[in-house]
Amino acid sequence: PIERQAFPDDFLWGGAIAANQAEGAWNEGGKGPAISDVIRNGIVGGQFDGEVVEGHYYASHEAIDFYHRYKEDIALFAEAGLKCFRTSIAWSRIYPNGDDEVPNEKGLQFYDDLFDELLKYGIEPVITISHFEIPLHLITAYGGWKNRKLIDFYTRYVETILTRYKDKIKYWMNFNEINHFHTIPLAAGGILIEDEETKLQTIYQASHHVFVASAKAAKLCHDIIPDGMMGAMLSLSPIYPHTCHPDDIFESYQLRRRSLFYSDVMIRGVYPSYVKRIWHEHGIEVEMEEGDLSFIKEHTVDYLGFSYYRSSTHQAGMPILGNTGGIIGKDNPYLEKTEWGWPIDPQGLRYVCNELYDRYNIPLFIVENGFGGKDEFNANGEIEDSDRIEYIQKHLIKINEAIMDGCEIIGYTWWGPIDIVSAGTGEMEKRYGFIHVDKDNRGKGTLNRTKKKSFQWYKQVIESNGKSI
Ligand code: BG6
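For the sequence shown, the residue numbers in the UniProt record's numbering are 2 to 470.
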């Protein structure tokens with residue numbers, strides 16, 4: 002192990018999941034259907050059925066049954082030494098239809114019990130308020146975030162959970178990967194794009210609603226929880242120019258702005274000047290109510306959470322308006338890839354931390370990073386996931402460098418500390434965990450949990466506070 006020094010004493014070492022990818026129990030305890038319950042083959046890009054169709058397999062319905070097994074799983078997280086644990090609250094457990102007047106007590110009680118179990122071991126819960134699991138009714142009856150009414154429904158939900166859990170939760174995030182509005186409007190915003198012609202108008206209008214909602218959530222957090230922190234959460238894997246051709250450089254810069262647009266508004270509290278040209282050239286007119294802009298300005302977020310898995314490269318001329326980065330891009334000859342074709346780029350994480358801290362100067366929280374791959378049991382019945390360890394190790398070394406560069410980074414949550422359903426494809430066999438779950442892509446398996454080699458490795462990283470990566 003390499004001796005390193007620079008992680009702060011209170012660094013939040015953790016793990017992260019999302020309710021819809023882990024809990025299962027999709028219709029138990031009074032929960033209403035969420036968008037994730039009616040999509041097959043991955044909430045991100047799969048088939049939206051609009052309702053549960055008999056005979057179809059929906060991975061979220063059982064997932065890894067975290068709803069019933071969380072005590073066993075949290076005991077394992079505690080054994081690994083996690084200091085924090087990020088999960089989301091499934092909105093439709095609290096408001097089954099999204100527009101209900103009264104919250105569902107059973108849903109509220111479930112999260113009380115879950116958070117108590119974490120706190121029992123001294124694990125700090127970190128909560129995403131909306132992670133690709135909008136109540137289905139808000140999509141079918143209102144059209145998702147393109148409808149301004151969503152602001153009120155979301156605000157009611159946020160007020161309910163902040164009030165209920167104010168003594169248990171300090172770290173909140175308003176929306177998961179909200180910059181994915183452009184690439185995956187359905188999962189991120191509950192928006193079905195029927196007309197490509199008006200897509201951008203719809204996306205920017207819906208984004209405005211989200212900005213008002215973000216400001217409401219920040220205000221509620223600051224009013225209700227004096228030491229609470231409301232964060233934004235974006236997918237911020239970097240975009241490199243394909244060559245040093247000035248057009249590649251400038252277009253990559255513009256493409257990056259499609260993502261940073263969301264953090265620019267939520268953190269700085271103002272619409273950036275570059276968006277005016279985009280709106281003008283595409284004939285976009287965003288409807289705003291009086292007071293929206295001053296409200297957004299007054300109530301900004303406290304920290305920036307982000308996911309980082311890979312980098313992508315952009316060449317001038319590739320379509321940019323519909324995309325915010327991610328897998329799209331030219332092949333980068335300098336990087337190896339995972340089995341799922343994701344370029345492995347630890348240095349890119351250091352780059353992004355520096356880019357973001359220079360731009361915003363507020364705390365950063367790396368709330369998703371990890372290695373999705375297949376796992377095999379060896380002859381001794383063990384999983385030696387050395388490739389996963391190597392991936393995390395290299396990324397942690399670069400986080401350490403970023404901290405030494407001067408970035409304020411408050412924590413790191415390993416995506417999928419326990420194997421969960423993939424958001425991209427709905428597979429179980431794209432595994433991220435240091436804990437294996439016996440379940441396959443068709444939903445078969447005992448659901449038994451087994452520690453992988455990476456479990457011990459991460460445990461000693463946390464024990465040494467990152468000195469021994
Ligand atoms: C992020 C999402 O985009 O990437 C997670 O916030 C998701 O929900 C993660 O699971 C990894 O992607 P995938 O497709 O491998 O599950």
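Every residue, glycine too, gets a C-beta built ideally from N, C-alpha and C.
Self-check item: the segment 152-165 / the segment 188-199 touching (three or more Cβ pairs under 8 Å)
Solution: Contact between the segment 152-165 and the segment 188-199 is absent, because fewer than three Cβ pairs lie under 8 Å.
Quiz item: How close, in whole Å, do the beta carbons of I390 and S455 come, if the pair is a contact with beta carbons under 8 Å?
Solution: 5 Å
Self-check item: Touching by the beta-carbon criterion (3+ pairs, under 8 Å), the segment 73-84 and the segment 93-102
Solution: no
Quiz item: Under three-state DSSP, which class holds Q6?
Solution: The answer is coil: DSSP assigns Q6 none of H, G, I, E or B.
Quiz item: Under the three-state reduction of DSSP, which class applies to V287: helix, strand or coil?
Solution: In the three-state scheme derived from DSSP, where H, G and I count as helix and E and B as strand, V287 is classed as coil.
Exercise. Please state if the CB of A23 and the CB of G67 are separated by a distance shorter than 8 Å.
Key: One detail in the question is off: residue 67 reads as Phe in this sequence, not Gly. Cβ distance < 8 Å, so F67 and A23 count as in contact.
Practice problem: Could you tell me whether any non-hydrogen atom of the ligand BG6 is closer than 7 Å to the CB of Q48? | Solution: No - the ligand BG6 has no heavy atom lying nearer than 7 Å to the Cβ of Q48.
Self-check item: Within 8 Å, strictly: CB atoms of I219 and L137
Solution: A small correction: the amino acid at residue 219 is Ala; Ile does not occupy that position in the sequence shown. No, these two residues do not count as a Cβ contact at 8 Å.
Quiz item: How about Y275: is its C-beta nearer than 8 Å to some C-beta of chain B?
Solution: In summary, chain B is missing from the structure at hand, where a single protein chain is found.
Practice problem: Could you tell me the distance, in whole angstroms, from the CA atom of E299 to the CA atom of P239? | Solution: 29 Å
Quiz prompt | Limits of the alpha helix (DSSP H) - the one that G108 falls within | solution = E106 to K121
Self-check item: Proximity to Q316 [Cα-Cα], best of P344, F307 and P242
Solution: P242
Quiz item: Got a sec? Which residues, its chain only, sit under 6 Å from H62 by beta carbon, not counting five neighbours each side?
Solution: Apart from the 5 residues on each side of it in sequence, H62 sits with its Cβ closer than 6 Å to the Cβ of W27 in its chain, given in chain order.
Practice problem: Using the Cα positions of H183 and G191, report the straight-line distance between them to the nearest angstrom. | Solution: Whole-angstrom Cα-Cα distance: 12 Å.
Quiz item: Exposed or buried, E337, counting other C-beta atoms within 10 Å across all chains shown (16 or more means buried)?
Solution: exposed
Quiz item: Is any heavy atom of the ligand BG6 found at a distance shorter than 7 Å from the C-beta of Q457?
Solution: no
Quiz item: Going by the C-beta, is W416 closer than 7 Å to any heavy atom of the ligand BG6?
Solution: yes
Exercise. Quick one: using the 10 Å Cβ neighbour count with 16 as the cut-off for buried, is S295 buried or exposed?
Key: exposed
Exercise. Report the residue from E118, T88 and I170 whose alpha carbon sits nearest the alpha carbon of H132.
Key: T88
Self-check item: Pick from R269, G16 and T339 that is closest to A81, judged by C-alpha positions
Solution: G16
Quiz prompt | Distance, Q348 Cα to K331 Cα | solution = Approximately 18 Å, taken between the alpha carbons.
Quiz prompt | Per DSSP, the bridge partner or partners of T314 | solution = Y241 and K331
Self-check item: Beta-carbon proximity of I135 to W92, cut-off 8 Å
Solution: yes
Practice problem: Compare the beta carbon distance of F372 and G412 with 8 Å and say whether it is the shorter of the two. | Solution: no
Quiz prompt | Secondary structure, beta strand (DSSP E): runs of 3+ residues fully inside the segment 389-432 | solution = 410-416
Practice problem: Would you list, in sequence order, the uninterrupted alpha helix (DSSP H) runs of no fewer than 4 residues that lie entirely inside the segment 24-88? | Solution: 67-81
Quiz prompt | Spatially closest choice to K167 from I279, D113 and K431, by CA coordinates | solution = D113
Exercise. Please confirm whether I179 and A188 have their CB atoms less than 8 Å apart.
Key: The Cβ atoms of I179 and A188 lie no closer than 8 Å to each other.
Quiz item: Rounded to the nearest angstrom, how far is the Cβ of L13 from that of K84, given a contact under 8 Å?
Solution: Correct: roughly 5 Å between the Cβ atoms.
Quiz prompt | Per-residue burial, H283 [other beta carbons within 10 Å of its own, 16 or more giving buried] | solution = exposed
Quiz item: From I225 to I363, what does the alpha carbon distance come to, in whole angstroms?
Solution: Straight-line Cα distance between these residues: approximately 22 Å.
Quiz item: Any idea which residues DSSP pairs M230 with across the strands?
Solution: In the DSSP output, where bridge partners are listed per residue, M230 has Y172.
Exercise. Go ahead and label P126 buried or exposed: buried means 16 or more other beta carbons lie within 10 angstroms of its beta carbon, across all protein chains shown.
Key: buried
Quiz item: Roughly how many angstroms separate the alpha carbons of D228 and M234, rounded to a whole number?
Solution: 19 Å
Quiz item: With burial defined as no fewer than 16 other Cβ atoms inside 10 Å of the residue's Cβ, what is the status of H281: buried or exposed?
Solution: exposed
Quiz item: In terms of residues, what are the limits of the beta strand (DSSP E) holding K452?
Solution: R450 to K452
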